[in-house]
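What follows is one structure encoded as structure tokens, with my remarks underneath.
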């Protein structure tokens, strides 16, 4: 029986609008356990974001495509947090 | 008992589009009995118009305002014959 | 009174937009009708428009006022004379606080203008023949 | 692929119209969204737009393609950065054979663009305060 290694992956989280302002940067590098779902990144973001509850309408993109929050991440992935949009 | 005089009036008929082309002019002067209704002018227009049946959708304007065909004309009136429109 | 233009010159959409734009407006809907290269039997190279100008102007003002009653500012321009394929014969601009009123006013104005304003067109074909679109004529050369 | 533009420069409606116009089109519907001088509590002097550019471009292309499926040619331009009151933040042009398809495509494109394209704006008030319209923030200075 082979024991699974607790592999770590490096991912980038892209932030926009008020999330970007709250973080003071438009991207955050995170080292997380392999296969962490995209929906789990919120709790790893810098304060004051992670103390704020994620809005129910938050959506996600993985490598510039819409993705469900349960999707597991791989090393090198770029995750974007999409707040309710207001273009137009 | 006073006998009504057979008073004549002079009116101008404005023609547009294919009516104008058929008449070879954009206005026709007519001398008609007083109080002739606007709807009666068609039969007094030059050939080949008066031999053509007036289209059911023909409308009328009197002195630049829409008018019902039964309206009687007075001297100096300008009657316009409005074929189905096709602007836009 | 809404702005209504009848002109033999090419239409400027930008100028029409500028004539109704304002800081209180968030949405502007525009319709532009252009000469289409139809080909039922014969290719159309241009349309020629003729108006009963006095009544056409009054009727376009009435149409634009009805459209403005939907909550927009409206301007209308219609070109007369020859309009080659690809050029604009009519332009309608409706500016409102938000887009639903802008779209509704623009659509009402073009629909009513086409239905009731005394302007007629004839098609000019590639072979030089013309045909009036007025419900009466057969093709005339 | 429909033409999609994201730009920090002022939008040219005439250029956008020219990009889709053609001899087979008889009707062109345009929507222009402009910065409105709102005043709920504070007067708005500008809006500032920020995009997730890669996905915004892809999503605008998808929206425009869906609108084109209604029978029109569609072009979309969205401005980024600061857009003062009265200037255009978005312009959508839909050209079709006749006006119903043009209006339907234009309306679908702006409605879907506003619903799902990852672009956000913040209001800039006369007193210098700003507030993001992203469902999250309270006013920040």
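Chains as they are written, first to last, in my numbering: chain D, 302 to 389; chain L, 302 to 389; chain A, 0 to 140; chain U, 0 to 140. Glycine included, C-beta positions come from ideal geometry on N, C-alpha and C.
Per-residue DSSP class, three states only, for residue i
{"i": "residue 30/U", "result": "strand"}
{"i": "residue 374/L", "result": "coil"}
{"i": "residue 336/L", "result": "coil"}
{"i": "residue 3/A", "result": "strand"}
{"i": "residue 386/D", "result": "coil"}
{"i": "residue 138/A", "result": "The predicted position of residue 138/A is uncertain, since its pLDDT is 45 and thus under 50; a value taken from the coordinates is nonetheless stated next. It is coil, neither helix nor strand."}
{"i": "residue 366/D", "result": "strand"}
{"i": "residue 328/L", "result": "strand"}
{"i": "residue 351/L", "result": "coil"}
{"i": "residue 23/A", "result": "coil"}
{"i": "residue 320/D", "result": "helix"}
{"i": "residue 302/L", "result": "Low per-residue confidence applies at residue 302/L: pLDDT is 46, beneath 50, and the placement is therefore not dependable, though the value from the model is reported in the following sentence. Note: residue 302/L maps to coil in three-state DSSP."}
Residue i - containing alpha helix (DSSP H), residue span
{"i": "residue 99/A", "result": "98-115"}
{"i": "residue 72/A", "result": "Per DSSP, residue 72/A belongs to no alpha helix (DSSP H); it is in the beta strand (DSSP E), 71-78."}
{"i": "residue 13/U", "result": "12-19"}
{"i": "residue 342/D", "result": "Neither: residue 342/D is in no alpha helix (DSSP H) and is coded neither H nor E."}
{"i": "residue 66/A", "result": "52-67"}
{"i": "residue 316/D", "result": "Element bounds for residue 316/D: n/a, residue is neither H nor E."}
In DSSP terms, what residue i is bridged to
{"i": "residue 43/A", "result": "124/A"}
{"i": "residue 49/U", "result": "119/U"}
{"i": "residue 81/A", "result": "47/A"}
{"i": "residue 8/A", "result": "Its beta-bridge partners do not exist; DSSP assigns none."}
{"i": "residue 310/D", "result": "333/D"}
Beta-carbon separation (whole angstroms), residue i vs residue j, contact threshold 8 angstroms
{"i": "residue 312/D", "j": "residue 328/D", "result": "Their Cβ separation, rounded to whole angstroms, is 10 angstroms, which puts residue 312/D and residue 328/D out of contact at 8 angstroms."}
{"i": "residue 120/U", "j": "residue 319/D", "result": "Going by Cβ atoms, the distance from residue 120/U to residue 319/D rounds to 11 angstroms, so no, they are not a contact pair."}
{"i": "residue 48/A", "j": "residue 88/A", "result": "6 angstroms"}
{"i": "residue 82/A", "j": "residue 34/A", "result": "5 angstroms"}
{"i": "residue 77/A", "j": "residue 59/A", "result": "7 angstroms"}
{"i": "residue 122/A", "j": "residue 19/A", "result": "Between residue 19/A and residue 122/A the Cβ distance is about 31 angstroms, and since that is not below 8 angstroms, they are no contact."}
{"i": "residue 94/U", "j": "residue 72/U", "result": "5 angstroms"}
{"i": "residue 389/L", "j": "residue 32/A", "result": "5 angstroms"}
{"i": "residue 355/D", "j": "residue 343/D", "result": "5 angstroms"}
{"i": "residue 29/U", "j": "residue 90/U", "result": "7 angstroms"}
{"i": "residue 380/L", "j": "residue 363/L", "result": "6 angstroms"}
{"i": "residue 75/U", "j": "residue 112/U", "result": "7 angstroms"}
{"i": "residue 108/U", "j": "residue 63/U", "result": "6 angstroms"}
{"i": "residue 372/L", "j": "residue 339/L", "result": "5 angstroms"}
{"i": "residue 7/A", "j": "residue 80/A", "result": "5 angstroms"}
{"i": "residue 65/U", "j": "residue 9/U", "result": "Residue 65/U to residue 9/U, Cβ: 27 angstroms. No contact."}
{"i": "residue 26/A", "j": "residue 106/A", "result": "Going by Cβ atoms, the distance from residue 26/A to residue 106/A rounds to 13 angstroms, so no, they are not a contact pair."}
{"i": "residue 331/L", "j": "residue 324/L", "result": "Wrong, their Cβ atoms sit about 12 angstroms apart, outside the cutoff."}
{"i": "residue 116/U", "j": "residue 13/A", "result": "With 8 angstroms as the limit, residue 116/U and residue 13/A do not qualify as a contact, their Cβ atoms being about 26 angstroms apart."}
{"i": "residue 130/U", "j": "residue 15/U", "result": "That belief does not hold up - the Cβ atoms of residue 130/U and residue 15/U are roughly 30 angstroms apart, past 8 angstroms."}
{"i": "residue 361/L", "j": "residue 370/L", "result": "6 angstroms"}
{"i": "residue 382/D", "j": "residue 134/U", "result": "Residue 382/D to residue 134/U, Cβ: 12 angstroms. No contact."}
{"i": "residue 365/L", "j": "residue 57/A", "result": "7 angstroms"}
Where the beta strand (DSSP E) containing residue i begins and where it ends
{"i": "residue 382/D", "result": "379-383"}
{"i": "residue 360/D", "result": "360-363"}
{"i": "residue 129/U", "result": "129-131"}
{"i": "residue 357/D", "result": "First-last for residue 357/D: undefined, no H or E at that position."}
{"i": "residue 38/U", "result": "Looking at the DSSP string, residue 38/U is not in any beta strand (DSSP E), and its letter there is neither H nor E."}
{"i": "residue 88/U", "result": "87-95"}
heavy atom of the ligand GDP below 8 angstroms from residue i C-beta
{"i": "residue 339/L", "result": "What this structure holds is no ligand at all, so the ligand GDP is not there to describe."}
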